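**Student:** These protein sequences, in sequence, are chains A, B and C.
The opening position of the first sequence corresponds to residue 594 in our numbering, with each subsequent residue numbered one higher.
The opening position of the second sequence corresponds to residue 119 in our numbering, with each subsequent residue numbered one higher.
The opening position of the third sequence corresponds to residue 213 in our numbering, with each subsequent residue numbered one higher.
Even for Gly, the Cβ is constructed at its ideal location relative to N, Cα and C.
These numbers come from a predicted model, not from an experiment.
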Amino acid sequence: MSCIVHARGLRFAYQTGREILRGVDFQLHRGESVAVFGRNGSGKTTFLLHLNGILRGEGHLRVCDLPVEPPHLRQIRRKIGFLFQDPEDQLFRPTILEDAAFGPRQAGLSREEAEHRARRALASVGMEEDLDRAPYHLSSGEKQRVALAGILAVEPEVLILDEPTTHLDPPARRALIELLQTLPQAKLVVTHDAPFARALCPRAVFFDHGRIVADGPTEEIIRRFGWDLGSPPETSPAPR
Amino acid sequence: MHIPDGYLSPPVMGVLGAASLAGVAAAARKASQALDESRVPLMGMAGAFVFAAQMINFPVAAGASGHLLGGALLAITLGTAPAVVVMTAILAIQALLFQDGGVLALGANVFNMAMAGVAAGGWAWQAFGGPGRRRLAAFAAGSLSALAAACLALAELAASGIRIPGAALGLALGIFALTALLEGAITAAVAAALESVQPGLLGRTHGSPRRALSGLLLASLLLAAAGFLIASSLPDGLEHLAEAIGITGLERAVLAAPMPDYEAKWLGGDWLQKAGAGLLGLIVTAAVCWAAGRWISRWRSA
Amino acid sequence: MAERIGGRHFAFDEWSRGGSWLHRLDARWKLAAALAALLLTALRGEAWMAAPLPLLLALAARLPAHALAWRAAAVLPFAAVFAGMSWLAGDSTRAAALLWRPYVSALWVSLLMAATPLEEVLAAAARFGAPRLVLEVMHFIWRYLGVLSEQAWRMRTAAAARGADRSFEVSAASLAVLFAASYQRALRVHRAQLARNGGGLR
Chain A
594 MSCIVHARGL RFAYQTGREI LRGVDFQLHR GESVAVFGRN GSGKTTFLLH
644 LNGILRGEGH LRVCDLPVEP PHLRQIRRKI GFLFQDPEDQ LFRPTILEDA
694 AFGPRQAGLS REEAEHRARR ALASVGMEED LDRAPYHLSS GEKQRVALAG
744 ILAVEPEVLI LDEPTTHLDP PARRALIELL QTLPQAKLVV THDAPFARAL
794 CPRAVFFDHG RIVADGPTEE IIRRFGWDLG SPPETSPAPR
Chain B
119 MHIPDGYLSP PVMGVLGAAS LAGVAAAARK ASQALDESRV PLMGMAGAFV
169 FAAQMINFPV AAGASGHLLG GALLAITLGT APAVVVMTAI LAIQALLFQD
219 GGVLALGANV FNMAMAGVAA GGWAWQAFGG PGRRRLAAFA AGSLSALAAA
269 CLALAELAAS GIRIPGAALG LALGIFALTA LLEGAITAAV AAALESVQPG
319 LLGRTHGSPR RALSGLLLAS LLLAAAGFLI ASSLPDGLEH LAEAIGITGL
369 ERAVLAAPMP DYEAKWLGGD WLQKAGAGLL GLIVTAAVCW AAGRWISRWR
419 SA
Chain C
213 MAERIGGRHF AFDEWSRGGS WLHRLDARWK LAAALAALLL TALRGEAWMA
263 APLPLLLALA ARLPAHALAW RAAAVLPFAA VFAGMSWLAG DSTRAAALLW
313 RPYVSALWVS LLMAATPLEE VLAAAARFGA PRLVLEVMHF IWRYLGVLSE
363 QAWRMRTAAA ARGADRSFEV SAASLAVLFA ASYQRALRVH RAQLARNGGG
413 LR
């Protein structure tokens, strides 16, 4: 099975009736890295939240060959590692080690085994010291790495990152790119950061008003929609 | 007002502790059903909000300023049972990590601020609320909540034998009244601002007559506390009070102290024994009223 | 006067992760012992003589006794008012008691929290029968009160920079915005928990 995310005709609307997703077609293959572009409010994050069943819409959606429905959600949420935009929202355990071990613990592992996995994951992101400290004193880059370790500890197949470079300074950005490049998982990265997308993702999709309107090589998408400050768009997205 | 450890007498501590344990356990059960699955983050964040909110100053006059206490606002936005749980959590954190209020005294502080204060706020919001009257209801909720908590605290201190001369009492009550008005104003202003920032955050109001019983209970508790305070500052006031309530014979039995040391230190005189029994009696009466009220309304709606 | 919640309030987090013999004791014993110490302090007149004990234990556990003594002093302003009233009424023994009782009690509580991480105290309380929901909410409050306080502080500074910090309405608006932001954050945290297969904290 090389297709690990398969969405067809995905629709979602709030209870108030406001439509956010208007028929999304998308496929993600094993090991692929895809950048997700689009204006704020075009449905990018909403779409991602469907992939691990946090939001439930209509249409066809399969992740790792499983339907995204209650009996399968626990398994899907282990296979999909979701890195939220603000690591502050993601680190809720008292110490770094405990937070990284949370996923494995929830998967039923013993405390020793969970901590072993957590240490391994933390080492892989370069966090090896002070693991018994509280995470609040870390820099945003370090917090993000701890959050990433927490996700890697359960050995996911897909990594979803929601605007990961927002709070990072240039050295931290570079470090994140280097780190992500070493990870074999498929990646879906929502980002406004064109250079970051270029460095990491050969393929990109462009969201507009709840649909994917373009899917192709990253450089082409960036140029077409003017997603890099240096160049104006060849075609502009529909006005709001 | 956070009561520190070592101020309350054992009967007061014991009765309030028992009442709080029962009340908080009941509120926790109810809160687990009331909000949806995201309740722990919501309640926790509301609690953290109260701490953070204390850093925003509300100017009063001539350089003085106050800050939000929070019980009423929590009741309005989360509902009464969750608000009780959140306030309890806040008070416990304050006692353990900020040395604000005692740990043994948590029973009393929870009773005053997390139960009576929140209940008063929630009741006022329901009772006075209605279309176009939300600001007024929020003001009433804030004021009553702060006033109830403060008066109960002072009454408990007096009942424990802490000497409060009449003049100081008057001053304290004056400060409580001002604090209550300020809390009312802040609660009303924040509630109104919340309506525009994110409507739907404020609980709905029914203004139903079923609430009248709990309102009556609260009123009686407050009157009792107020009356007690006034009586305690008069030389024979408490004896008369105890006789009037008809519990003069009880004090020996109730206050047979297990530790003779305690009796000597805490009960410096005959009138204070009666005072202890008096407050005990009032609280028992209040508990009976509340239980009766619940039973009656359940019977009525069955 | 509301003070900024800053580094010093999280000192307990640092202190409680030490490795001394006291730190390694089971939290249930420490909690029970602390409660017993508090009861004795409240009920026995001679308990003032045991006042140095928490400080000695702190030293033995390699904790900063002077810092604990200073934290406990937070109770003194309030206590002084009531002690003063008793003293003016001529009862100096009671006045003294109204000072040392809360202070020594605060010393014991500070020692407990300096030698035991909060989550262990909460777990011990759970074993003793405290309602789980209250404990989970407490854990959450402690985790996020720093984050929200920073946000509140930034709002306060921003308002002051615009010359608007002396207005009742501005403060009310700030609180409303802070509350709404806290609410949104709570939803995000909940989603992050769901994404990692956690529905609550345990």
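Does any residue of chain C bring its CB to less than 9 Å from the CB of phenylalanine 699 (chain A)?
**Tutor:** Here residue 699 (chain A) is taken as the residue at index 106 of the first sequence, counted from 1. Note that residue 699 (chain A) corresponds to glutamine in the displayed sequence, not to phenylalanine. So, interface residue.
**Student:** Does the Cβ-Cβ distance between leucine 587 (chain A) and aspartate 618 (chain A) come in under 9 Å?
**Tutor:** The question about residue 587 (chain A) has no answer, for chain A in this structure spans 594 to 833.
**Student:** In chain order, what residues of the segment 142-163 of chain B put their CB closer than 9 Å to some CB of chain F?
**Tutor:** Among the protein chains in the structure shown, which are A, B and C, there is no chain F.
**Student:** With a threshold of 9 Å between beta carbons, is isoleucine 293 (chain B) in contact with chain C?
**Tutor:** As a first step, residue 293 (chain B) is located in the second sequence; it is residue number 175 there, counting from the start. No, its Cβ sits nowhere closer than 9 Å to a Cβ of chain C.
**Student:** For serine 419 (chain B), which residues in the same chain have their Cβ closer than 6 Å to its Cβ, ignoring the five residues on either side in sequence?
**Tutor:** Translated into positions along the second sequence, residue 419 (chain B) becomes position 301. Its pLDDT being 49, under 50, serine 419 (chain B) is placed unreliably in this model, and the coordinates cannot settle the point.
**Student:** Which first and last residues belong to the beta strand (DSSP E) in which leucine 215 (chain B) is found?
**Tutor:** Position 97 of the second sequence, counted from the first residue, corresponds to residue 215 (chain B). First-last for leucine 215 (chain B): 198-215, but that is the alpha helix (DSSP H), not the beta strand (DSSP E).
**Student:** If you draw a straight line from the alpha carbon of alanine 270 (chain C) to that of valine 316 (chain C), how long is it in whole angstroms?
**Tutor:** In the third sequence, residue 270 (chain C) corresponds to position 58, counting from 1. In the third sequence, residue 316 (chain C) corresponds to position 104, counting from 1. So the two alpha carbons sit approximately 14 Å from each other.
**Student:** The beta strand (DSSP E) spanning phenylalanine 290 (chain C) covers which residue range?
**Tutor:** Here residue 290 (chain C) is taken as the residue at index 78 of the third sequence, counted from 1. Taken as a continuous stretch (DSSP letters only), phenylalanine 290 (chain C) belongs to no beta strand (DSSP E), being part of the alpha helix (DSSP H) at 288-300.
**Student:** Using a Cβ cut-off of 9 Å (strictly closer), state whether threonine 422 (chain B) contacts chain C.
**Tutor:** Residue 422 (chain B) lies beyond the residue range present for chain B, which begins at 119 and ends at 420; the question has no answer from this structure.
**Student:** Taking the beta carbon of proline 353 (chain B) as the centre, do at least 16 other beta carbons fall within 10 Å, making it buried, or is it exposed?
**Tutor:** In the second sequence, residue 353 (chain B) corresponds to position 235, counting from 1. With a pLDDT of 48 at proline 353 (chain B), under the threshold of 50, the modelled position of this residue cannot be trusted; read the value that follows with caution. Exposed is the call here.
**Student:** Could you tell me the alpha carbon to alpha carbon distance between glycine 189 (chain B) and glycine 239 (chain B), rounded to whole angstroms?
**Tutor:** Start at 1 with the first residue of the second sequence, and residue 189 (chain B) comes out as number 71. Start at 1 with the first residue of the second sequence, and residue 239 (chain B) comes out as number 121. C-alpha separation (whole angstroms): 7 Å.
**Student:** Beta-carbon of proline 687 (chain A) versus every beta-carbon of chain C: anything under 9 Å?
**Tutor:** Mapped onto the first sequence, residue 687 (chain A) falls at position 94. Cβ-Cβ to chain C under 9 Å: yes for proline 687 (chain A).
**Student:** Touching or not, the segment 139-159 of chain B and the segment 220-232 of chain B, by the rule of three or more beta carbon pairs under 8 Å?
**Tutor:** Yes, the segment 139-159 of chain B touches the segment 220-232 of chain B.
**Student:** Confirm, please, whether the CB-CB distance from arginine 611 (chain A) to histidine 802 (chain A) is below 9 Å.
**Tutor:** As a working mapping, residue 802 (chain A) is identified with position 209 in the first sequence. As a working mapping, residue 611 (chain A) is identified with position 18 in the first sequence. No.
**Student:** Locate the beta strand (DSSP E) running through isoleucine 805 (chain A), then write down its first and last residues.
**Tutor:** Along the first sequence, read from residue 1 onward, the residue named residue 805 (chain A) stands at position 212. From DSSP, the beta strand (DSSP E) with isoleucine 805 (chain A) extends over 804-810.
**Student:** Would you call the segment 387-406 of chain C and the segment 713-720 of chain A in contact, with 3 or more CB pairs under 8 Å?
**Tutor:** Taking 8 Å as the limit for Cβ pairs, the verdict is that the segment 713-720 of chain A does not touch the segment 387-406 of chain C.
**Student:** Would you tell me roughly how many angstroms separate the C-alpha atoms of phenylalanine 695 (chain A) and serine 732 (chain A), rounded to the nearest one?
**Tutor:** The count along the first sequence starts at 1 and reaches residue 695 (chain A) at position 102. The count along the first sequence starts at 1 and reaches residue 732 (chain A) at position 139. The alpha-carbon atoms of phenylalanine 695 (chain A) and serine 732 (chain A) are separated by roughly 21 Å.
**Student:** Curious, which full-length alpha helix (DSSP H) runs of at least 4 residues does the segment 339-401 of chain C contain?
**Tutor:** 344-373, all fully within the segment 339-401 of chain C.
**Student:** Would arginine 403 (chain C) count as contacting chain A if we go by Cβ distances under 9 Å?
**Tutor:** Residue mapping note: residue 403 (chain C) aligns to position 191 of the third sequence, counting from 1. Interface residue, yes.
**Student:** Run down chain B in chain order and give the residues with a C-beta less than 8 Å from the C-beta of proline 314 (chain C).
**Tutor:** To locate residue 314 (chain C), count along the third sequence from 1; it is residue 102. Correct list: Pro122, Asp123, Gly124, Tyr125, Gly220.
**Student:** Using the rule of at least 16 other Cβ atoms within 10 Å of the residue's Cβ for burial, across every protein chain shown, is aspartate 123 (chain B) buried or exposed?
**Tutor:** Position 5 of the second sequence, counted from the first residue, corresponds to residue 123 (chain B). With 16 or more other Cβ atoms within 10 Å, it is buried.
**Student:** Let's test the definition: count the other Cβ atoms within 10 Å of the Cβ of proline 825 (chain A) and tell me whether it reaches 16, buried, or not, exposed.
**Tutor:** Residue 825 (chain A) sits at position 232 when you count from the first residue of the first sequence. Exposed is the call here.
**Student:** What three-state label does DSSP hand histidine 785 (chain A) in the structure shown?
**Tutor:** Translated into positions along the first sequence, residue 785 (chain A) becomes position 192. It is coil, neither helix nor strand.
**Student:** What's the call for glycine 235 (chain B), buried or exposed, on a 16-neighbour Cβ count within 10 Å?
**Tutor:** Sequence index remark: in the second sequence, residue 235 (chain B) carries index 117 (1-based). So glycine 235 (chain B) ends up on the buried side.
**Student:** Quick one: does tyrosine 395 (chain C) have its CB under 9 Å from some CB of chain A?
**Tutor:** Numbered from 1 along the third sequence, position 183 holds the residue referred to as residue 395 (chain C). False, the Cβ-Cβ gap to chain A never drops below 9 Å.
**Student:** How about glycine 412 (chain C): is its C-beta nearer than 9 Å to some C-beta of chain B?
**Tutor:** Here residue 412 (chain C) corresponds to residue number 200 of the third sequence, with the count starting at 1. Only weak support exists for where glycine 412 (chain C) lies, its pLDDT of 49 falling under 50; the coordinates are left without a value.
**Student:** Based on DSSP bridge pairs, tell me the residues matched to arginine 615 (chain A).
**Tutor:** Working through the first sequence from its first residue, we reach residue 615 (chain A) at position 22. According to DSSP, arginine 615 (chain A) bridges with A:Arg604.
**Student:** Which bits of chain C does arginine 670 (chain A) rub up against, with CB to CB less than 8 Å?
**Tutor:** Here residue 670 (chain A) is taken as the residue at index 77 of the first sequence, counted from 1. Result: Leu406, Ala407, Arg408, Asn409.
**Student:** Using beta carbons (cut-off 9 Å, strictly below), is asparagine 175 (chain B) in contact with chain C?
**Tutor:** The residue given as residue 175 (chain B) occupies position 57 in the second sequence. Closer than 9 Å: yes.
**Student:** Can you tell me which of C:Leu347, C:Pro343, C:Leu330 puts its alpha carbon nearest to the alpha carbon of alanine 143 (chain B)?
**Tutor:** If you number the second sequence from 1, residue 143 (chain B) lands on position 25. Looking at the Cα atoms, C:Pro343 is the closest of the given residues.
**Student:** Tell me which same chain residues have a C-beta within less than 8 Å of the C-beta of leucine 676 (chain A), skipping the five on either side of it?
**Tutor:** Counted from its first residue, the first sequence places residue 676 (chain A) at position 83. Excluding positions up to five away in sequence, the list reads Gln683, Gln737, Ala740, Leu741, Ile744, Leu752, Ile753, Leu754, Asp755, Pro757.
**Student:** Quick check: the Cα distance between glycine 624 (chain A) and leucine 654 (chain A), rounded to an integer number of angstroms?
**Tutor:** Reading the first sequence from its first residue, position 31 is the one you call residue 624 (chain A). Reading the first sequence from its first residue, position 61 is the one you call residue 654 (chain A). Going from the Cα of glycine 624 (chain A) to the Cα of leucine 654 (chain A) covers about 19 Å.
**Student:** With 7 Å as the C-beta to C-beta threshold (strictly closer), list the residues of the segment 604-620 of chain A near chain C in chain order.
**Tutor:** Cβ contacts with chain C come from no residue of the segment 604-620 of chain A.
**Student:** Against arginine 229 (chain C), what residues of chain A qualify as contacts under a CB-to-CB distance less than 9 Å, listed in chain order?
**Tutor:** The residue given as residue 229 (chain C) occupies position 17 in the third sequence. Neighbours of arginine 229 (chain C) on chain A, chain order: Thr688, Asp725, Arg726, Ala727.
**Student:** On the DSSP bridge assignment, give the partners of phenylalanine 176 (chain B) in chain order.
**Tutor:** The residue labelled residue 176 (chain B) in the question sits at position 58 within the second sequence. B:Gly184, per the DSSP bridge assignment.
**Student:** Write down every uninterrupted run of the alpha helix (DSSP H) in the segment 628-713 of chain A whose length is 4 residues or greater and which is fully enclosed by it, in chain order.
**Tutor:** 637-644, 666-672, 689-699, all fully within the segment 628-713 of chain A.
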